[in-house]
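Residue numbers (our numbering): 28 to 302. Note that the Cβ used here is the ideal one computed from N, Cα and C, for glycine as well. Source: prediction; values computed, not measured. Only one structure is covered here, and it is reproduced in the block below.
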Amino acid sequence: MKTKIITSLILFLSIFINAQEFIGKATYKTSRKSSFKIGGEKSTMSDAQKKEIEARLRKMNQKTFTLEFDKSTSTYKQEAKLNAPQPKAGGLTVMSFGGGTNTDVFYKNIKEKRYANKTSIMGKAFLIKDSLATYDWQLSSETKNIGKYTCYKATLSKQVDKTSVELVDGKLEEIKKKVTVNTTAWYTPQVPISNGPSTYYGLPGLILEINDGTTTMVCTEIILNPSKKIVIEEPEKGKVVNQKEYNKISNQKSKEMLERFRSKDGKGIEINIGG
Numbered sequence: 028m029k030t031k032i033i034t035s036l037i038l039f040l041s042i043f044i045n046a047q048e049f050i051g052k053a054t055y056k057t058s059r060k061s062s063f064k065i066g067g068e069k070s071t072m073s074d075a076q077k078k079e080i081e082a083r084l085r086k087m088n089q090k091t092f093t094l095e096f097d098k099s100t101s102t103y104k105q106e107a108k109l110n111a112p113q114p115k116a117g118g119l120t121v122m123s124f125g126g127g128t129n130t131d132v133f134y135k136n137i138k139e140k141r142y143a144n145k146t147s148i149m150g151k152a153f154l155i156k157d158s159l160a161t162y163d164w165q166l167s168s169e170t171k172n173i174g175k176y177t178c179y180k181a182t183l184s185k186q187v188d189k190t191s192v193e194l195v196d197g198k199l200e201e202i203k204k205k206v207t208v209n210t211t212a213w214y215t216p217q218v219p220i221s222n223g224p225s226t227y228y229g230l231p232g233l234i235l236e237i238n239d240g241t242t243t244m245v246c247t248e249i250i251l252n253p254s255k256k257i258v259i260e261e262p263e264k265g266k267v268v269n270q271k272e273y274n275k276i277s278n279q280k281s282k283e284m285l286e287r288f289r290s291k292d293g294k295g296i297e298i299n300i301g302g
C-alpha cells in the first residue's frame, strides 16, 4: 500500500509539472546548534559568561531564508539584515566559521544535477560549482500537517567527512573524522516541485521541514505563481572552485583567524567552528 501511494505521488508530480509553468517562493526559518568549546582547561570563564555567550550564539544561528523556484531551478538566499558584532563578554571572544553570509546565493539546477554557490571568506568572493549530491531518500506513509499542507516523512542516513579546527591549550589542532548524519524531511505533494531548502531536493513534493541533528529548517510561508515576476538567475561572480577546493581554503582561513585572535597562552578564547 505504501509503495502504491508513493508511486502515485511521483506520477502526479511528473504529470503536473510537465503540464504547466510553475514558479513560487518559500520562506524558511532556520536554527543551528552551536558546538561550544572552551579554549583550554585554564579558561577563566564564569557560568554567567557561559550562559550569556550561549544565548548570543543561539540568536546568531537563527536565520531566515527565501527559496525561489521554477520547475527545475532555484535560488536559496538569506534575508538581508545588519551584521551583528561577534559576541564578547569579560574579555571572551566567540568566532564563528562556515555559517555563510547574508549575501550568499545557492543556485540549484535539478535537471542538470549541478549547483553554483556564491559565497565569501574574509571578504574574498568564491563561486563553488559542483555536482548535486544524490540523496537516497527512504519514503514513508507517515504524515503530519505543516500549516495548511499535508506532509509526508522521508529519511536519509549517510556518512560524511567532518573537519574542524580547534584551539586547545594554545595550540591549533585540525580534527578529521567520519560522522553519520541522520536526516528527517517532511515534504508536500500539494506543492508539486522536487526541491527544498539549501542543498536538499529529490522528493515528490516541496520539502517544508528538514532536520539533520544540527540544523532545523521549517517553511513558514509559500507563495505560488505570484503576481510579481520571479527570475531565477545563476550567480556568476567570484573565484570558481569546486567544493573540495573550497573546503580546503575554508579550513586554512579558519586556522589563520584562530592564530590571529588567540591569546598568548591560549586562555580566554571560546571557539565555535561551523556555526
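Check, Outcome
"Does Leu251 come out as helix, strand or coil in the three-state DSSP assignment?", "strand"
"Starting from Glu95, follow the beta strand (DSSP E) in both directions and report where the run begins and ends.", "89-96"
"What's the C-alpha gap between Gly67 and Gln76?", "At Gly67, the pLDDT of 47 sits below 50, so the modelled position is not reliable and the matter cannot be decided from this model."
"Does the contact criterion of 3 or more C-beta pairs under 8 Å hold for the region 267-278 versus the region 241-256?", "no"
"Tell me whether the beta-carbon of Thr210 lies closer than 8 Å to the beta-carbon of Ile234.", "no"
"If you draw a straight line from the C-alpha of Val187 to the C-alpha of Ile276, how long is it?", "18 Å"
"Run through the region 175-244 for me and flag every whole beta strand (DSSP E) of 3 or more residues, listed as ranges in chain order.", "176-195, 198-215, 233-238"
"Can you tell me whether Gln105 is buried or exposed? The criterion is at least 16 other CB atoms within 10 Å of its CB, across all chains shown.", "buried"
"Do we get a CB-CB distance below 8 Å when we pair Gln270 with the residues of chain C?", "The question asks about chain C, but that chain is absent: this structure has only one protein chain."
"Drop a sphere of 10 angstroms on the beta-carbon of Lys145, count the other beta-carbons inside from all chains shown, and report buried for 16 or more, exposed for fewer.", "buried"
"On the DSSP bridge assignment, give the partners of Arg59 in chain order.", "Thr242"
"Going by beta-carbon coordinates alone, are Thr102 and Ile249 separated by less than 8 Å?", "no"
"Is the region 167-186 touching the region 211-223 in the sense that three or more CB pairs, one from each, lie closer than 8 Å?", "yes"
"Identify whether Tyr273 lies in helix, strand or coil by the three-state DSSP scheme.", "helix"
"What are the boundary residues of the beta strand (DSSP E) that Asp157 is part of?", "151-158"
"Going by DSSP, what residues sit across from Val267 in a beta bridge?", "Leu154"
"Using DSSP with H/G/I as helix, E/B as strand and the rest coil, what is Lys140?", "coil"
"Hey, how far is the Cα of Tyr162 from the Cα of Thr93?", "22 Å"
"By how many angstroms is the C-alpha of Gln89 removed from the C-alpha of Met284?", "23 Å"
"Measure the Cβ-Cβ separation of Ser221 and Tyr227 and say whether it is below 8 Å.", "no"
"Could you check the C-alpha separation between Thr242 and Thr57 for me, to the nearest Å?", "7 Å"
"Pick helix, strand or coil for Asn129, following the three-state DSSP scheme.", "coil"
"Ser147: which of Glu139, Arg83, Phe133, Ser158 sits nearest, CA to CA?", "Phe133"
"To the nearest whole angstrom, what separates the beta carbons of Asp97 and Ile50, a pair I think is in contact under 8 Å?", "5 Å"
"Quick one: what's Ala53 bridged to in DSSP?", "Leu94, Ile249"
"Terminal residues of the continuous beta strand (DSSP E) containing Tyr162?", "Where Tyr162 is concerned, there is no enclosing beta strand (DSSP E), given that its DSSP letter is neither H nor E."
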